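> First residue of the sequence shown: 478, per our numbering; consecutive thereafter. The beta-carbon is built from N, C-alpha and C at its ideal position, and this holds for glycine as well. Predicted model only: the values in this text are computed from it and were never measured.
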Amino acid sequence: LGFTKTIAREGASKNIVANCIAPLAASRMTETVMPKEMLQNLNPEFVAPVVAYLCHENCKDTGGVYELGAGWIAKLRWQRAKGGFLPYGDFSPEAVEKVWEQVQDFDNEPEYPESTQDSFPPVMDNIARYE
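1. Around the Cβ of glycine 540, are there at least 16 other Cβ atoms within 10 angstroms (buried) or fewer (exposed)?
2. For methionine 506, which residues in the same chain have their Cβ closer than 8 Å to its Cβ, ignoring the five residues on either side in sequence?
3. On the three-state DSSP scale, how would you describe alanine 558?
4. Take the Cβ of asparagine 668 as the centre, count every other Cβ of all protein chains shown within 10 Å, and call the residue buried at 16 or more, exposed below.
5. Is the beta carbon of alanine 503 sitting closer than 7 Å to the one on leucine 516?
6. Going by beta carbon distance, what residues of the same chain come within less than 7 Å of glutamate 514, once the five residues before and after it are set aside?
7. Going by Cα to Cα distance, which pick from Gly566, Met601, Asp567 and Phe562 is closest to valine 576?
8. Leaving out five residues on either side along the sequence, give the residues of the same chain with a beta carbon under 6 Å from the beta carbon of cysteine 536.
9. Glutamate 514 lies in the alpha helix (DSSP H); which residues open and close that run?
10. Near asparagine 518, which residues of its chain fall below 6 Å by C-beta distance, leaving aside the five closest residues on each side in sequence?
11. Quick check on DSSP: helix, strand or coil for cysteine 497?
12. Going residue by residue through the stretch 526 to 602, where are the continuous alpha helix (DSSP H) segments of at least 4 residues, counting only ones entirely within it?
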């Protein structure tokens, strides 16, 4: 995913797009864990049109991650919990445990980061608390 995002960003000025797919399709690996009837509906040929469209000049999307299978397609996005802050000087497993519920709470003001730069505001806010 990181490579896809980097290629998308670096290639933008040259009209190069990059996307990532996470296909669910029948394969030798899935034959051992899925019923034959299900595998028939997960034909890899259902993946090819999505790949072709993502490569077509009409598709301007870049940096996307798409799940697909059996004719279903969905774009994924990153979601980040608001997070928890460790008190200055208390970088211990016990301190992590105290904020762990906040670390995993997606119901309280979740964020949708688009790049690694989106991590800097909360980090800088926490640094300001330490000063």
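On the basis of the coordinates in this document:
1. Taking the first residue of the sequence shown as 1, we reach residue 540 at position 63. Counting Cβ neighbours within 10 Å, glycine 540 comes out buried, since at least 16 surround it.
2. Within the sequence shown, numbered from 1, the residue matching residue 506 stands at position 29. Taken in chain order, the list of residues that qualify is empty.
3. Working through the sequence shown from its first residue, we reach residue 558 at position 81. Alanine 558 falls in the coil class under three-state DSSP.
4. Residue 668 lies beyond the range of the chain shown here (478 to 608); nothing can be said about it.
5. Taking the first residue of the sequence shown as position 1, residue 503 is located at position 26. Taking the first residue of the sequence shown as position 1, residue 516 is located at position 39. Pairing alanine 503 with leucine 516 gives a Cβ-Cβ distance under 7 Å.
6. Taking the first residue of the sequence shown as 1, we reach residue 514 at position 37. Within the same chain, no Cβ atom closer than 7 Å to the Cβ of glutamate 514 is found once the five residues on either side in sequence are excluded.
7. Here residue 576 refers to the residue found at position 99 when the sequence shown is read from its first residue. For valine 576, the nearest C-alpha among the options comes from Phe562.
8. For the purposes of this step, residue 536 is taken as the residue at position 59 of the sequence shown. Excluding sequence neighbours, cysteine 536 sits near Tyr530.
9. Translated into the one-based positions of the sequence shown, residue 514 becomes position 37. Element bounds for glutamate 514: 513 to 518.
10. Counted from its first residue, the sequence shown places residue 518 at position 41. Once the five neighbours on either side are set aside, the close Cβ partners of asparagine 518 are Ala547.
11. Stepping through the sequence shown from its first residue, residue 497 is reached at position 20. Residue state, collapsed to three classes: strand.
12. Those alpha helix (DSSP H) runs which fall completely within the stretch 526 to 602 and span 4+ residues are 570 to 580.
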